[in-house]
Amino acid sequence: MTVTVNIDEASLPELLAKVEAGEEVVILRDGLPVARLAPVAADHEKRRQAIEAVRAFRKTMPSITAEEIAEWKATGRR
Numbered sequence: 001m002t003v004t005v006n007i008d009e010a011s012l013p014e015l016l017a018k019v020e021a022g023e024e025v026v027i028l029r030d031g032l033p034v035a036r037l038a039p040v041a042a043d044h045e046k047r048r049q050a051i052e053a054v055r056a057f058r059k060t061m062p063s064i065t066a067e068e069i070a071e072w073k074a075t076g077r078r
């Protein structure tokens, strides 16, 4: 959930409490967004999901031997 607040209406401890509860806070100045506070844990979860997606993709790819890699390197040097 995203909470939008006017910088004049909220204190930092209140904003941090919302972020710690898992909410994202958008800070406005004169009605325009100027900053976003988001939980750090959410970033870790996105990163973990991306890593899992890459691992799942790699499982669909054929295995490559060290000999194949050496051959490709040698071909590239010609």
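Counting in UniProt numbering, the sequence shown runs from 1 upward without gaps.
Even glycine gets a Cβ: it sits at the ideal position worked out from N, Cα and C.
Predicted, not measured: the structure shown is a model, and the values here were computed from it.
Secondary structure of Pro13 (DSSP, three-state): helix. For Val19, the closest of Pro62, Asn6, Ala38 by C-alpha to C-alpha distance is Ala38. Secondary-structure assignment with DSSP links Pro33 through a beta bridge to Leu28. In the structure shown, Thr60 adopts helical secondary structure according to DSSP, grouped into three states.
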